[in-house]
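In my numbering, the protein residues as written are 101 to 176.
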């Protein structure tokens with residue numbers, strides 16, 4: 101399973117009402133998925149658990165693609 105597919109699974113766990121079928125690298129976190137500050141914290145914790153790394157700093161992610169790129173930079 102590639103990074104995007106794993107991330108979709110994480111999104112579904114944090115925001116169960118989000119339809120993950122149409123999520124792509126260009127999907128906007130706030131506008132398209134309704135990610136707010138609390139959701140972002142929960143998402144970060146779930147990403148750390150799923151991908152087995154820790155965020156060094158708070159990153160201002162705007163798109164799903166930015167999150168995928170960050171995860172891949174930390175896990176490769």
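All C-beta atoms, glycine included, are put in the ideal place defined by N, C-alpha and C. None of the values given here were measured: they were computed from a predicted structure.
query = How about residue 164 and residue 137: are their beta carbons less than 8 angstroms apart?
reply = no
inquiry  = If you reduce the DSSP assignment to three classes, tell me which class residue 120 lands in.
reply    = helix
inquiry  = Tell me the DSSP secondary structure of residue 103 in three-state form.
reply    = helix
query = So, residue 172 versus residue 120, is the Cβ gap smaller than 8 angstroms?
reply = no
task = Can you check DSSP and say which residues form a bridge with residue 143?
result = Looking at the DSSP assignment, residue 143 forms no beta bridge with any residue, so it has no partner.
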